């Protein structure tokens, strides 16, 4: 079943077209073209179908479950739903530019209503950071994409600095990037500069996404054996492929046979 050319927008100046498709029990969200922005298994709405969304939680290899999360960009709500269901000690705030995306996430992708641990705000992510600069956050996830790629205001040095300054002492920024984006290297250089080289790249095994983690403080060059032990514990607890995350960290980050340099 495929729904095309349906515009979920109430503003005449808003050119966002939200398309929904269904195939083989998977419902997908598209922003006006064939690239998939979000996906949900209809009989298991909490499953993180897209590999990049699972990689976001590779952060747990390095830091404890966050108490506070700021998610910039909602999509179908996969990351938000997982945090809300699997991290009961976490309070999540999500900022999504397009109200219609929020409406679709709730009506077609099982995003729960706001409660004491979940707040979804229709607004500009960069402006929200400025307006709430005094409120610290353990984990910020930047996953805001338009039909043409990452939203430019959310990839500037100034924006990354604002995220860094909002983080707690052991906080982490995660940015969803496309490895094939011609600006990929530029984005990584900006993040490395802002975080004084404390940058870890985790490539997804699907679709070419790379999650870039910027750490507020150094992680003490974690040893591979300790990362593997932590991965086993996390896999047992959450059911995600943390062992693969550890293996994939060696693909794009400085390391030797004993440890990861971060």
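Residue numbers (the numbering used here): 192 to 453. C-beta atoms are modelled at their ideal positions from N, C-alpha and C, and glycine is treated no differently. Since the model is a prediction, treat every value here as computed from it, not as a measurement.
Handout entry: Any alpha helix (DSSP H) of 4 or more consecutive residues that is wholly inside the region 397–439
Key = 415–429
Problem - residue 348, DSSP secondary structure in three states - result: Looking up residue 348 in the chain shown gives position 157. DSSP places residue 348 in helix when its eight states are reduced to three.
Problem - Alpha-carbon spacing of residue 239 relative to residue 322, whole angstroms - result: Counted from its first residue, the chain shown places residue 239 at position 48. Counted from its first residue, the chain shown places residue 322 at position 131. Straight-line Cα distance between these residues: approximately 31 Å.
Exercise for the section: Compare the C-alpha of residue 325 against each of 442, 353, 313 and 386 and name the closest. Expected result: Taking the first residue of the chain shown as 1, we reach residue 325 at position 134. Among 442, 353, 313 and 386, the Cα nearest to that of residue 325 is on 353.
Problem - DSSP beta-bridge partners of residue 443 - result: Your numbering for residue 443 matches position 252 in the chain shown. The partner list for residue 443 (beta bridge, DSSP) is empty, contrary to what the question assumes.
Practice task
Check residue 218 in the structure and name its three-state DSSP category.
Solution key: Position 27 of the chain shown, counted from the start, is the residue given in the question as residue 218. In this structure, residue 218 counts as strand in the three-state DSSP scheme.
Exercise for the section: Count the other C-beta atoms from every protein chain shown that fall within 10 angstroms of the C-beta of residue 447, then say buried if there are 16 or more, exposed otherwise. Expected result: For the purposes of this step, residue 447 is taken as the residue at position 256 of the chain shown. Answer is exposed; the Cβ neighbour count stays below 16.
Problem - the region 278–288 / the region 251–265 touching (three or more Cβ pairs under 8 Å) - result: yes
Practice task
Using beta-carbon positions only, say whether residue 407 and residue 453 come within less than 8 Å of one another.
Solution key: Counting from one through the chain shown, the residue named residue 407 turns up at place 216. Counting from one through the chain shown, the residue named residue 453 turns up at place 262. No.
Exercise for the section: For residue 392, write down the residues that DSSP places opposite it in a beta bridge. Expected result: For the purposes of this step, residue 392 is taken as the residue at position 201 of the chain shown. 403, per the DSSP bridge assignment.
Practice task
List the DSSP bridge partners of residue 299.
Solution key: Walking along the chain shown from the start, residue 299 turns up at place 108. According to DSSP, residue 299 bridges with nothing at all.
Handout entry: With 16 other Cβ atoms within 10 Å as the buried cut-off, status of residue 219
Key = Counting from one through the chain shown, the residue named residue 219 turns up at place 28. Label assigned to residue 219: buried.
Problem - Beta-carbon proximity of residue 250 to residue 270, cut-off 8 Å - result: On the chain shown, position 59 is the one that residue 250 refers to. On the chain shown, position 79 is the one that residue 270 refers to. It is not a contact, given that the beta carbons lie outside the stated cut-off.
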